[in-house]
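Visitor: Below are the structure tokens for one structure; questions will follow.
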Amino acid sequence: MTSLATSIGGRTFDNCMMNAAGIRCQSKKDLDALIASNAGAYVTKSATPEKRAGNPSPRMQTLPHGSINSMGLPNNGLEYYLDYVIDDQHNRPGTTNFLSVAGTSLEDNLAMLHEIQDSEYDGFVELNLSCPNVPGKPQVGYDFDRVNTVLDQVFKFYTKPLGVKLPPYFDLVHFDQIAEILNQYPLTFVNSINSIGNALVVDPQTERVAIRPKGGFGGIGGASVKPTALANVRGLALRLKPEIAIVGTGGILNGVDVFEHILCGASMVQIGTQFGYEGTKIFDRLASELREIMNQKGYTNINQFRGKLKTFDD
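Sequential numbering from 1 applies to the sequence shown in the numbering used here.
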């Protein structure tokens, strides 16, 4: 049978598809549903040190080709998610999942990672350096010196598998600059991309912005971001050392989208906006569609085409 299995950092996953942090993964009920699904893994809602309500509503609006949101990191706090993943680790030994953390300061992130380092948890941590929706807090991922400082401080003590979630970059030199920094550290993976931040959607009928926080500015996700997401996956795949796997996120609606992310270099993909619309059944549909594409092309596993995107110079 055509295999959708993949591996990251020496850990194997039966399916290369999973949810993206932020969508349907905030509560135990959400995470239990992901465990019961055919997703290859799950990632928790991005945790802050304490429970957080997030931004005032309306903070999300559906668009013809995706969505705009300014959620502001609503979550149940690190203790809630750390307890959950440790319990799951006990209940399902041998499985690996992703615990997402997104402190609003370096001090918050270091404190949370110290707590995780000292815990029983041995799965992956996804350090979010790219949330565009917290008022007054810049995206760390756009300050390359700051990224270097964060990773330098983190790897002074953190020894468990760690990845970073990055914002989208829009210039080739930015790929060069961020890769030069990331390659200095023992990262297990990078996740690219988070939503395209600080977009603005206008309701022409009411002559008002579509969402309340930040004067209407929010992050765009869904189909419209796929070309940017693929460019970032490809740009990083060409520059990062091979030990750093890429998790591709952005604009995945169907099996073709998954295939393209992997072709550009992703070892695994995360689905956000469309997962929010369809729920866990999306993983069955995408798996079926991806297998059909692979069967048509004669591929029996994803490593046969991962990262093998052709150009006109090949």
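Glycine residues also receive a C-beta, built at the ideal position from the N, C-alpha and C atoms.
Taking the C-alpha atoms as reference points, what is the distance between V125 and N303?
Guide: Cα to Cα, V125 sits roughly 24 Å from N303.
Visitor: Short of 6 Å in beta carbon distance, which residues of its chain neighbour F189, apart from the five on each side in sequence? Order them along the chain.
Guide: The residues are I8, G163, A245 and V247.
Visitor: Can you tell me the Cβ-Cβ gap for F275 and I23, rounded? I've got them flagged as a contact below 8 Å.
Guide: That belief holds up - the Cβ atoms of F275 and I23 are roughly 5 Å apart, short of 8 Å.
Visitor: So the alpha helix (DSSP H) N295 belongs to, where does it begin and stop?
Guide: First-last of the alpha helix (DSSP H) with N295: I282 to K297.
Visitor: Going by C-alpha to C-alpha distance, which of A47, H114, K281 and S119 sits closest to L129?
Guide: Among A47, H114, K281 and S119, the Cα nearest to that of L129 is on A47.
Visitor: Spatial neighbours of Y301 within its chain, please: CB distance less than 6 Å, with the 5 preceding and 5 following residues excluded, ordered by chain position.
Guide: For the record, residue 301 in the displayed sequence is Asn; it is not Tyr. These residues qualify, in order along the chain: S3.
Visitor: With which residues is I193 paired in a DSSP beta bridge?
Guide: DSSP, once it has assigned bridges, lists no residue as partnering I193.
Visitor: State the beta-bridge partners of V209 as determined by DSSP.
Guide: V202.
Visitor: Tell me whether the beta-carbon of P168 lies closer than 8 Å to the beta-carbon of I196.
Guide: In this structure, I196 lies closer than 8 Å to P168 by Cβ.
Visitor: For G272 and D284, I'd like the C-alpha separation in whole angstroms.
Guide: Whole-angstrom Cα-Cα distance: 15 Å.
Visitor: Could you check whether the Cβ of T6 sits closer than 7 Å to any heavy atom belonging to the ligand PLP?
Guide: Among the components of this structure there are no ligands whatsoever, and the ligand PLP is therefore not found.
Visitor: Please name the residue in A36, K51 and G66 whose C-alpha comes closest to that of V225.
Guide: Nearest C-alpha to V225: G66.
Visitor: Helix, strand or coil: how does DSSP classify F124 here?
Guide: F124: strand per DSSP, three-state reduction.
Visitor: Are the segment 51–61 and the segment 31–38 in contact at 8 Å, needing three or more beta carbon pairs?
Guide: With the cut-off at 8 Å, the segment 51–61 and the segment 31–38 do not touch.
Visitor: Which ranges does the alpha helix (DSSP H) cover as unbroken runs of at least 4 residues, wholly within the segment 73–118, from first to last along the chain?
Guide: Qualifying alpha helix (DSSP H) stretches, in chain order: 78–91 and 106–117.
Visitor: Quick test of the definition: if touching needs 3 or more C-beta pairs under 8 Å, does the segment 277–296 touch the segment 37–46?
Guide: These segments touch.
Visitor: Is it right to say Y81 is buried, meaning 16 or more other beta carbons lie within 10 angstroms of its own, or is it exposed?
Guide: So Y81 counts as buried.
Visitor: What number of angstroms, rounded off, separates the C-alpha of Q26 from the C-alpha of S100?
Guide: Between Q26 and S100, the C-alpha separation is close to 11 Å.
Visitor: Let me check understanding here. Comparing Cα to Cα, which of S192, S288 and Q205 lies closest to L127?
Guide: Minimum Cα distance to L127 is reached at S192.
Visitor: Can you give me the Cβ contacts of S70 inside the same chain, cut-off strictly under 6 Å, excluding the 5 residues immediately before and after it?
Guide: Excluding sequence neighbours, S70 sits near N55, R59, N133, I211, P213, K214 and G218.
Visitor: Report buried or exposed for M1, applying the criterion of at least 16 other Cβ atoms within 10 angstroms of its Cβ.
Guide: Its Cβ having fewer than 16 others within 10 Å, M1 is exposed.
Visitor: Cutting at 6 Å between CB atoms, please list the residues of its own chain near A179, excluding the five before and the five after it.
Guide: Correct list, in chain order: R239 and L240.
Visitor: Along the chain, where does the alpha helix (DSSP H) that runs through V256 open and close?
Guide: It spans G255 to C264 - the alpha helix (DSSP H) in which V256 sits, taken as one unbroken run.
Visitor: Using CA coordinates, which residue listed in Y158, V154, V147 and N198 is at the minimum distance from H174?
Guide: When only C-alpha atoms are compared, the closest one is V147.
Visitor: Report the three-state DSSP secondary structure of R52 (helix, strand or coil).
Guide: Three-state result, R52: strand.
Visitor: On a Cα-Cα basis, can you pick out the residue from T62, N19 and P49 that is closest to N75?
Guide: Of T62, N19 and P49, the residue nearest in Cα terms is P49.
Visitor: Assuming A237 is part of the alpha helix (DSSP H), what are its boundary residues?
Guide: A237 -> alpha helix (DSSP H) spans K226 to A237.
Visitor: Please classify A229 as buried or exposed, where buried requires at least 16 neighbouring CB atoms within 10 angstroms.
Guide: That one is buried.
Visitor: Taking only three categories from DSSP, how would you classify E170?
Guide: It is Phe, not Glu, that sits at residue 170 in the sequence shown. Note: F170 maps to coil in three-state DSSP.
Visitor: Evaluate F157 with the Cβ neighbour count: other Cβ atoms within 10 Å of its Cβ, from every protein chain shown; 16 or more gives buried, anything less gives exposed.
Guide: It is exposed - the Cβ of F157 has fewer than 16 other Cβ atoms within 10 Å.
Visitor: Restricting to Cα atoms, I'd like to know which of L166, L106, K310 and G141 is closest to V154.
Guide: Looking at the Cα atoms, L106 is the closest of the given residues.
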